[in-house]
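Participant: Residues in the sequence shown are numbered from 496 upward in steps of one, following our numbering.
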Amino acid sequence: MKKLFFIFSLLGVVITAIGCSNHQKQVNATEATSKIPLLEKQNKSVIEDVNVEKFSTLIAEKKVQLLDVRTPEEWQEGIINEAIKMNYYDDNFSEQLKTLNKNEPIYVYCKSGNRSRKAATQMEEMGFTKIYNLVGGFSAWRGAAKNVSK
Numbered sequence: 496m497k498k499l500f501f502i503f504s505l506l507g508v509v510i511t512a513i514g515c516s517n518h519q520k521q522v523n524a525t526e527a528t529s530k531i532p533l534l535e536k537q538n539k540s541v542i543e544d545v546n547v548e549k550f551s552t553l554i555a556e557k558k559v560q561l562l563d564v565r566t567p568e569e570w571q572e573g574i575i576n577e578a579i580k581m582n583y584y585d586d587n588f589s590e591q592l593k594t595l596n597k598n599e600p601i602y603v604y605c606k607s608g609n610r611s612r613k614a615a616t617q618m619e620e621m622g623f624t625k626i627y628n629l630v631g632g633f634s635a636w637r638g639a640a641k642n643v644s645k
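As structure tokens, then:
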């Protein structure tokens, strides 16, 4: 009798363990499925680093928000297509960025591409939806003999 009780008890424990493990697999599968859109969103970058040719094509297509984040001294060398000038080093740079439309693409450049990349990261954190950063900056633009206005 004790043996029979022991066998049924052991059988109950095994069945319970199997049932719980299947439930955990279902929960894990549901959690993994629900995280897929989040991962897709995280993998979709807001910032795209583009070369001179692609940048030139993108800004030529239509009226765009073209942002030059160089200093006033650097602007003396010229600017690209009447760009909006916002000095990255200004104390109120973040406030100036708020004047731009977050839901429209931003095309940003600096002298070499480093400052504009930092500005792009800052804009991404502020909720901008699409940012194109000119790799090599204004130096690459001039090196490719692209048009510059004074």
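Yeah, the Cβ is synthetic: ideal placement off N, Cα and C, and Gly gets one too.
F633 and C605 - do their beta-carbons sit closer together than 8 Å?
Facilitator: Closer than 8 Å, so yes.
Participant: Can the beta-carbon of G608 be found less than 8 Å from the beta-carbon of V630?
Facilitator: Yes, Cβ-Cβ distance for G608 and V630 is below 8 Å.
Participant: Between the C-alpha atoms of T616 and D563, what's the straight-line distance to the nearest angstrom?
Facilitator: One C-alpha to the other measures close to 15 Å.
Participant: For D586 and L592, what's the separation of their Cα atoms in angstroms?
Facilitator: For D586 and L592, the distance between alpha carbons rounds to 12 Å.
Participant: Which residue marks the beginning of the beta strand (DSSP E) containing V545, and which one marks its end?
Facilitator: Residues 542 to 545.
Participant: Just to confirm, are V559 and Y602 a CB contact at a threshold of 8 Å?
Facilitator: Result yes, Cβ atoms of V559 and Y602 sit closer than 8 Å.
Participant: In its own chain, which residues sit with a C-beta less than 6 Å from the C-beta of T566, not counting the 5 before and 5 after it?
Facilitator: Contacts found: N582.
Participant: Suppose contacts are defined by Cβ-Cβ distances below 8 Å. Is N576 in contact with L561 by that definition?
Facilitator: Yes, the Cβ-Cβ distance between N576 and L561 is below 8 Å.
Participant: Let me check one thing: in DSSP terms, what residues is I574 bridge-paired to?
Facilitator: For I574, which the question treats as bridged, DSSP gives the partners S644.
Participant: Work out the CA separation of R637 and D544 for me, nearest whole Å.
Facilitator: Their Cα atoms are separated by approximately 18 Å.
Participant: Tell whether a beta-carbon distance below 8 Å holds between K641 and V547.
Facilitator: Yes, the pair counts as a contact, with Cβ atoms nearer than the cut-off.
Participant: What residues in its chain sit with their C-beta under 7 Å from that of I554, if we drop five residues either side in the sequence?
Facilitator: For I554, where only same-chain residues beyond five positions count, the Cβ hits under 7 Å are L561, N576, Y602.
Participant: Can you give me the start and stop residues for the beta strand (DSSP E) that N628 sits inside?
Facilitator: From DSSP, the beta strand (DSSP E) with N628 extends over 626 to 629.
Participant: Please look up how many angstroms separate the CB atoms of K580 and P600, rounded, as I've assumed it's under 8 Å.
Facilitator: Going by Cβ atoms, the distance from K580 to P600 rounds to 18 Å, so no, they are not a contact pair.
Participant: Need the endpoints of the alpha helix (DSSP H) that L592 sits in, please.
Facilitator: Where L592 is concerned, the enclosing alpha helix (DSSP H) stretches over 588 to 592.
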